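The working numbering puts the first residue of the sequence shown at 17, with every later residue one more than the last. Even glycine gets a Cβ: it sits at the ideal position worked out from N, Cα and C. Only a predicted model underlies this, so the values are computations on that prediction, with no experimental measurement involved. The next block holds one structure in the form of structure tokens; read it before the comments.
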Amino acid sequence: MATGTMRNRIPPNQKLTTGFPVLHYGDIPEYTDLSTQWNFRIFGLVEEEVTLSYEQMMALPKGETTNDIHCVTGWSKLDNVWEGIPVEEVMKLVRLKPEAKYVMLHAEFGFTANLPLADFLKPGNLFAYKHNGEELTPEHGWPLRFVVPHLYFWKSAKWVRGIEFMEKDRQGFWERNGYHMYGDPWKEQRFAWD
Ligand SMILES: Nc1nc2c(c(=O)[nH]1)N[C@H]1C(S)=C(S)[C@@H](COP(=O)(O)O)O[C@H]1N2
Ligand SMILES: [Mo]
């Protein structure tokens, strides 16, 4: 029955929403010319760092992923279709050093989000520029946001500008502010002490 199926898609203590709440700390970046004001940097434990222009990034092969959003503040939004650049396409541009075990996403205004390398490389993760068929709006992360479907949504950095590969895990922005290092919604890993 439909309700049974639905229930199984909602992690503990989450509530369904049909809207699309906006949630972030700080300002929404404004750009007038992405060619000169935006680039994407892949750095840290790679053999050679890479910096891509907006045009180079957008010229990479496209992909699609569908996820259920689970925000740590308690709302969930099902069946989101994201179009963007799959992580595996970005990874073809660099060679990882063997010590690389963790990833830090870097976004505008110094926002960061950390996750294990294995989670970052999971098929289905992408750098999105469309949500449900429409270009991302600035408040939802335009021109590009990370989407990692299997973790709480705070790991899906909006206005993402780079990927850093690390040997040891480090706290990102929300993790420094008390959120869990990993953030599995099904295990309710909301806060550092969960
Ligand atoms: N750059 C940036 N990305 C961010 C955040 C932020 O504060 N800054 N907050 C995260 C949190 S807590 C959530 S729930 C989602 C919200 O995304 P939305 O506004 O598109 O719903 O963005 C995540 N990505
Ligand atoms: Mo969140």
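| Query | Result |
| --- | --- |
| How do the stretch 72-84 and the stretch 120-133 stand: do at least 3 beta-carbon pairs fall below 8 angstroms, yes or no? | no |
| Output the distance between the C-alpha atoms of Glu80 and Val103, rounded to the nearest integer angstrom. | 11 angstroms |
| Tell whether a beta-carbon distance below 7 angstroms holds between Ile85 and Phe162. | no |
| Within the structure, which residues are defined as neighbours of ligand 2 by a Cβ-heavy atom distance below 7 angstroms, reported in chain order? | Leu39, Cys87, Val88, Thr89, Tyr168, Phe169 and Trp170 |
| Using a Cβ-Cβ cutoff of less than 6 angstroms, which residues in the same chain neighbour Gly188 once the five nearest sequence positions on both sides are dropped? | Thr128, Ala129 and Asn130 |
| Look at the alpha carbon of Val66 and the alpha carbon of Leu50, and state the distance between them as a whole number of angstroms. | 18 angstroms |
| Return yes when the C-beta of Ala208 is under 6 angstroms from any heavy atom of ligand 1, and no when it is not. | no |
| Output the distance between the C-alpha atoms of Tyr195 and Cys87, rounded to the nearest integer angstrom. | 12 angstroms |
| Go through its chain and collect everything with a Cβ distance to Glu46's Cβ below 8 angstroms, but skip five positions before and after it. | Pro154 |
| Hey, would you say Glu151 sits closer than 7 angstroms to Gly60, going by beta carbons? | no |
| Ignoring anything shorter than 4 residues or poking outside the stretch 125-198, list the alpha helix (DSSP H) runs there in chain order. | 133-136 and 189-192 |
| Using the Cα positions of Asp210 and Trp202, report the straight-line distance between them to the nearest angstrom. | 12 angstroms |
| For Met17, name the three-state secondary structure that DSSP assigns. | Note that Met17 has pLDDT 44, beneath the 50 cutoff, so the model's placement of it is unreliable and the number below is only indicative. Correct three-state label for Met17: coil. |
| Suppose you measure from the CA of Gly100 to the CA of Trp158; what does that come to, to the nearest Å? | 11 angstroms |
| Just curious, the beta strand (DSSP E) that Leu39 is in, first and last residue? | No beta strand (DSSP E) contains Leu39, which DSSP labels as neither H nor E. |
| What is the DSSP secondary structure of Tyr70, counted as helix, strand or coil? | helix |
| The alpha helix (DSSP H) spanning Glu81 covers which residue range? | It is worth fixing the name first, because residue 81 is Thr in this sequence and not Glu. Counting along the chain, Thr81 falls outside any alpha helix (DSSP H), though it belongs to the beta strand (DSSP E) covering Gly79 to His86. |
| Going by CA-CA distance only, name the one from Ser92, Leu112 and Phe56 that's closest to Leu137. | Leu112 |
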